[in-house]
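See structure below.
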Amino acid sequence: MLAFILRRLAQSIVVMLVVALISFMLFRYVGDPIANLVGQESRISDIEELRQRLGLNDPFYVQFARFIANAVQGEFGISYRLQQPVTELIVSRLPATIELAFASAMIALVFGVVLGVFTALRPKTFATGVIMTLSLVGVSLPTFLIGIGLIYIFAVELQWLPSFGRGQVTDLGWWRTGLLSESGRRSLILPAITLSLFQLTLIMRLVRAEMLEVLRQDYIRFARARGLSKRAINFGHALKNTMVPVITITGLQLGSVIAFSIVTETVFQWPGVGSLFINSVQVVDVPVMAAYLMFIAFVFVVINLIVDILYYAVDPRLRVHGIGAGK
Amino acid sequence: MRKLLLTASVIALGAVVTPASAETVRWARASDALTLDPHSQNQGVTHNFNHHIYETLLNRDVEGNLIPRLATEWYIKADDPTVWVFKLREGVKFHGGQDFTAEDVVFSLNRARSDKSNMRQLHADVADVIAVDDLTVEVKMSGPSPLYPNNITNTFIMDKGWSEEHDVVEVQDFGAGEDNYAVRNANGTGPYVLQSRQPDDRSVLAWFDGHWDEKPAVTEIIYLPIKEAATRVAALLSGEVDIVQDVPVQDIERLSSTAGVKVETGPENRIIYFGYKFGDAPLKSSNVTDKNPFNDAKVREAIELAVDREAIKRVVMRGQSVPAGVATPPFVNGWTPELDAFPAPDVAKAKALLAEAGYPDGFTVTLDTPNDRYVNDEAISQAIVGMLGQIGIKVTLASRPIAQHSPIILNSDTDFYLLGWGVPTFDSAYIFNDLVHTKDGKYGAYNVGLYSNPELDAKIQSLGTEVDLDKRNATIGEIWKVVKEDRVLLPIHNQVLAYAMKDNINLAVHPENQPLLNTVTYGE
């Protein structure tokens with residue numbers, strides 16, 4: 003077990019190094035950070051001097067090596083744009099993104115499962131047709147449009163919910179939460195729905211397909227033959243057996259929800275790491291971009307590691323294979 | 078009945094707790110200030126925010142005139158044309174309670190012209206700053222500098238003692254990974270005190286009751302950067318913000334017709350223009366490989382005749398621009414209506430001129446344009462592609478974000494480009510120095526087309542030290558005449574700024590896009 007984890011950790015470090023390397027190769031094509039750092043009064047000699055000072059004249063592999071050397075010591079530099087330490091910026095933005103990601107994952111899970119079960123149990127009703135059609139819309143409409151649409155309906159026209167920001171946040175010292183105030187909770191609703199819509203339809207379709215599959219199984223027929231109540235069959239037996247793949251997918255998707263909340267955060271001016279990244283890309287804030295990409299790689303690596311460990315613990319066949327490979 | 082009474086008393090209570098004299102304004106912009114350190118970045122949004130916390134010696138009003146702020150008087154010393162004297166306002170306090178004195182001004186000007194400051198170019202001609210007494214400062218220039226006061230409208234004054242106490246005497250060197258107290262904390266003399274700040278999210282400012290000026294109508298400002306234009310406009314429509322400073326042109330009309338909302342528009346001090354490569358060397362992006370078509374005056378005239386500025390205003394800018402015939406905004410010293418006149422488009426004549434120049438079938442060229450810097454920048458360039466296509470010049474459009482466009486501009490690595498130019502000194506010399514003078518040392522940094530005219534260069538240099546203003550203005554006129562005749566640049570229009578706000582708020586558009594919210598008034 004320990005050897006397995008260590009091996010996976012070693013692989014993870016390689017993954018993160020590769021991510022960093024590719025990022026640095028690409029940064030040169032994003033543009034020139036200096037353009038956004040100096041006013042139009044600056045002389046070319048000043049610009050050259052600043053470029054030298056920031057080490058932007060070095061070839062990318064030198065910049066990369068310097069970045070890795072600093073990153074190993076936990077030092078990610080200072081943001082060019084906001085002039086604050088990058089680690090601090092990301093840590094201060096993280097709570098917003100995590101709250102949003104978990105809220106939308108919860109919405110996706112609850113509604114996805116409920117609607118999935120409903121459409122599986124009543125496959126031929128009108129309501130199912132409507133839900134299935136709407137789910138297609140949910141998958142195919144860009145997040146940006148959904149967000150703007152929700153803002154116009156619920157914030158501008160009906161004026162029920164705020165259109166942007168996080169509302170009133172409470173500072174717990176190490177975590178700024180919006181969940182403790184009413185305006186904070188209200189602010190969470192629209193972005194969380196927007197972000198969850200894609201996952202929701204995914205989970206719903208998955209549950210429905212699995213459920214339809216399971217309902218055809220012999221043990222369900224036997225359960226029916228035994229005269230068990232519908233509720234016991236549908237929820238106690240059928241749903242239970244569909245949940246294994248659903249939980250796996252939801253877990254894995256949590257990583258992408260955190261990573262791809264960029265668009266939703268931008269539309270709703272949600273002050274999380276995604277909007278920090280977008281603002282940084284626009285002005286080529288290399289230290290923030292590099293640290294963010296490393297962070298996202300880290301999130302994926304950790305989630306995958308946990309999933310692997312869980313599989314390892316749950317599935318005895320993997321263990322046999324692991325010992326065999328370890329020989 | 079009882080319920081009714083209760084409702085009435087609640088209403089009465091509401092009226093009591095919100096007196097008209099204490100108003101909070103929620104102010105939304107597209108982006109946040111980058112830093113609170115007043116000398117670290119030379120950037121409009123940052124200056125605009127900091128103007129509320131810090132103050133400058135002089136400022137610009139909404140007409141573009143210089144007005145006193147921390148300095149009450151300023152003049153050239155009688156017996157020495159190289160010295161500017163500033164008389165300071167009495168009884169001014171910093172937010173921390175410190176007295177404002179000449180020492181603070183000396184300290185701040187020196188900090189602003191130090192190596193790591195991005196404001197240093199504006200103070201490049203300063204040789205020394207001396208505190209004569211508590212309320213008089215003399216700035217010694219390296220030569221006569223009649224326009225130095227124009228350069229200091231964004232140079233903020235910090236407290237010397239506070240800066241020393243918090244170790245921020247030097248501007249932050251973020252390249253070296255240094256953190257700096259002044260980036261996140263401020264101690265100015267301005268009308269508002271910083272209460273809290275989360276970058277990219279919200280900042281709260283409250284009125285400073287020790288401020289030297291009258292109490293403003295707005296006593297609290299909540300500053301909300303909202304990056305997405307549609308969200309920003311929605312926030313105003315839903316009543317969650319009171320003022321939106323960056324209104325997209327396509328929303329102006331709709332907002333103006335919305336009840337409860339009004340839009341103020343006014344010209345910005347920024348000219349949008351096209352430039353092209355001069356010199357004999359062939360263009361790198363053209364099918365004409367033995368010479369440079371742009372170097373031919375007839376070709377430049379043909380291009381100007383092909384461009385329909387009014388159509389760009391109408392179609393691309395939806396009426397929100399001021400077409401221009403000269404590469405300077407009307408606010409700037411040296412602008413005249415005669416210079417600003419431009420010819421009506423004449424495609425037939427343009428074609429004839431091209432044929433005369435030896436290009437009856439036109440030629441090809443690549444146009445480099447930014448797509449996220451100026452209002453509808455890419456769309457303007459697309460319009461030009463179509464207009465030049467009518468006379469046979471086939472233009473390929475290369476559109477990039479400003480972060481990629483800037484290096485091309487600074488390295489003169491383009492044949493044909495779009496750029497905008499703001500004129501913070503409100504004087505033509507600022508334009509000539511960077512756009513017209515031969516690219517050489519401290520001159521011509523943005524002379525992307527490498528235009529070179531030694532006669533003009535000499536005149537331009539003379540402007541820097543000429544103290545006789547009439548003579549100086551005559552020279553400016555002569556230079557503009559040549560620049561216009563030579564078609565050194567192809568001016569298109571001046572940008573128009575639009576602020577949208579609740580209709581009981583009065584806030585005029587500031588030509589530098591730096592409105593001060595302590596000037597807001599309420600009522601019809």
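For the record, the sequence lines run as chains A and B. So in the working numbering the end of the first sequence lands on 329, straight run, no missing numbers. So in the working numbering the end of the second sequence lands on 601, straight run, no missing numbers. Where a beta carbon is used, it is the ideal one built from N, C-alpha and C, also for glycine.
- Taking C-alpha atoms, which residue in B:Lys519, B:Asp504, B:Pro400 lies nearest to Ile457 (chain B)? Nearest Cα to Ile457 (chain B) within the set B:Lys519, B:Asp504, B:Pro400: B:Pro400.
- Message: For Ala327 (chain A) and Ser14 (chain A), I'd like the C-alpha separation in whole angstroms.
- Response: Bear in mind that the predicted position of Ala327 (chain A) carries a pLDDT of just 43, short of 50, making it unreliable; the figure below should be weighed with that in mind. C-alpha separation (whole angstroms): 19 Å.
- What does Asp445 (chain B) touch in chain A if you count any residue whose Cβ is under 7 Å from its own? Around Asp445 (chain B), no beta-carbon contact reaches into chain A at under 7 Å, the shortest distance being about 13 Å.
- Message: Is it buried or exposed, Thr473 (chain B), if we count other Cβ atoms within 10 angstroms and call 16 or more buried?
- Response: Exposed: under 16 other Cβ atoms inside 10 Å.
- Between Asp520 (chain B) and Asp534 (chain B), what straight-line distance do the alpha-carbon atoms span, to the nearest angstrom? Per the sequence presented here, residue 520 (chain B) reads as Tyr, with Asp not at that position. Whole-angstrom Cα-Cα distance: 9 Å.
- Message: Along the stretch 100-122 of chain A, where does the CB come closer than 9 Å to a CB of chain B? Name the residues.
- Response: Flagged: no residues at all.
- Could you give the DSSP three-state label for Leu147 (chain B): helix, strand or coil? Three-state result, Leu147 (chain B): coil.
- Task: Would you verify that the beta carbon of Pro61 (chain A) is, or is not, closer than 9 Å to some beta carbon of chain B?
- Result: No - not a single Cβ of chain B is within 9 Å of the one on Pro61 (chain A).
- In its own chain, which residues sit with a C-beta less than 6 Å from the C-beta of Glu267 (chain A), not counting the 5 before and 5 after it? Around Glu267 (chain A): Gly274, Gly276, Ser277.
- Within 9 Å, strictly: CB atoms of Gln397 (chain B) and Val573 (chain B): Between Gln397 (chain B) and Val573 (chain B), the CB-CB gap stays under 9 Å.
- Do you know offhand how far Gly118 (chain A)'s Cα is from Val310 (chain B)'s? Using only the alpha carbons, I get a separation of about 37 Å.
- Query: How about Ala429 (chain B) and Val139 (chain B): do their beta carbons lie closer than 9 Å?
  - Reply: No. Outside cutoff.
- Query: Would Asn119 (chain B) count as contacting chain A if we go by Cβ distances under 9 Å?
  - Reply: It does: the Cβ of Asn119 (chain B) has a partner Cβ on chain A nearer than 9 Å.
- Item | Interface partners of Gln275 (chain B) on chain A, CB under 7 Å | Going along chain A in sequence order, the residues near Gln275 (chain B) (Cβ under 7 Å) are Pro273.
- Item | Straight-line gap, Gly238 (chain A) to Leu4 (chain A) (C-alpha atoms, nearest Å) | A straight line joining the alpha-carbon of Gly238 (chain A) with that of Leu4 (chain A) spans about 36 Å.
- Task: Quick one: give me the first and last residue of the alpha helix (DSSP H) that Asp202 (chain B) is part of.
- Result: Neither: Asp202 (chain B) is in no alpha helix (DSSP H) and is coded neither H nor E.
- Cβ atoms of Ser165 (chain A) and Ser108 (chain B): under 9 Å apart, would you say? Cβ atoms of Ser108 (chain B) and Ser165 (chain A): not closer than 9 Å.
- Message: Determine, for Ile41 (chain A), whether the minimum Cβ-Cβ distance to residues of chain B falls below 9 Å.
- Response: One point to set straight first is that residue 41 (chain A) is Gly, not Ile, in the sequence displayed. Interface residue, yes.
- Beta carbon of Gly267 (chain B), beta carbon of His128 (chain B): below 9 Å? The answer is yes: Cβ separation under 9 Å.
- Message: Output needed for Val285 (chain A): all residues of its chain with C-beta closer than 6 Å, excluding positions within five of it in sequence on either side, in chain order.
- Response: Only Asn38, Arg83 meet the Cβ criterion.
- Kindly indicate if chain A contains any beta-carbon less than 9 Å away from that of Val93 (chain B). Only weak support is given to the placement of Val93 (chain B): the predicted model assigns it a pLDDT of 38, under 50, and the question is left unresolved by the model.
- Could you check if Val442 (chain B) is buried or exposed, using at least 16 other CB atoms within 10 Å of its CB as the buried criterion? Buried.
- Query: Taking Cβ-Cβ distances shorter than 8 Å, what residues in chain B pair up with Tyr154 (chain A)?
  - Reply: In chain order: Ala311.
- From B:Glu543, B:Ala336, B:Tyr300, residue whose alpha carbon lies closest to that of Gln322 (chain B): Of the listed residues, the one whose Cα sits closest to Gln322 (chain B) is B:Tyr300.
- Exposure of Glu317 (chain B), with buried meaning 16 or more beta-carbon neighbours within 10 Å: Of the residues assessed, Glu317 (chain B) falls on the buried side of the cut-off, its CB having 16 or more other CB atoms within 10 angstroms.
- Hey, out of B:Leu566, B:Pro406, B:Glu543, whose CA is closest to Pro223 (chain B)'s CA? Here the closest residue by C-alpha is B:Glu543.
- Message: Judging by CA-CA distance, which residue of B:His570, B:Glu562, B:Ile479 is the nearest neighbour of Val283 (chain A)?
- Response: Cα-wise, what sits closest to Val283 (chain A) is B:Ile479.
- Measure the CB-CB distance between Ala312 (chain B) and Pro325 (chain B) and report whether it falls below 9 Å. Contact check for Ala312 (chain B) against Pro325 (chain B) fails: the beta carbons are separated by 9 Å or more.
- Item | Cross-chain neighbours of Tyr629 (chain B) in chain A, by beta carbon under 7 Å | Nothing can be reported for residue 629 (chain B): it is not among the residues displayed for chain B, which extend from 78 to 601.
- Rounded separation between Leu11 (chain A) and Asn257 (chain B) - CA only: Their Cα atoms are separated by approximately 37 Å.
- Task: Taking the CB atoms as reference points, tell me whether Glu101 (chain A) and Leu163 (chain A) lie closer together than 9 Å.
- Result: Not closer than 9 Å, so no.
- Beta bridge counterpart(s) of Tyr152 (chain B) as assigned by DSSP: Its beta-bridge partners are B:Val162.
- Item | Nearest-angstrom Cβ-Cβ length linking Ala374 (chain B) and Leu431 (chain B), presumed shorter than 8 Å | Actually they do not touch by this definition, with Cβ atoms about 12 Å apart.
- Mind checking if Glu317 (chain B) is an interface residue toward chain A, Cβ cutoff 9 Å exclusive? Yes - at least one Cβ of chain A is within 9 Å of the one on Glu317 (chain B).
- Closer than 6 Å by C-beta to Phe689 (chain B): which residues in its own chain qualify, once you throw out the five before and the five after it? Chain order, please. Examination of residue 689 (chain B) is not possible in this model, given that chain B is present from 78 through 601 alone.
- Among residues of its own chain, excluding the 5 on either side of Leu91 (chain A), which ones have a beta-carbon nearer than 8 Å to its beta-carbon? So the list reads Ser81, Leu84, Leu278, Val290, once near-sequence residues are dropped.
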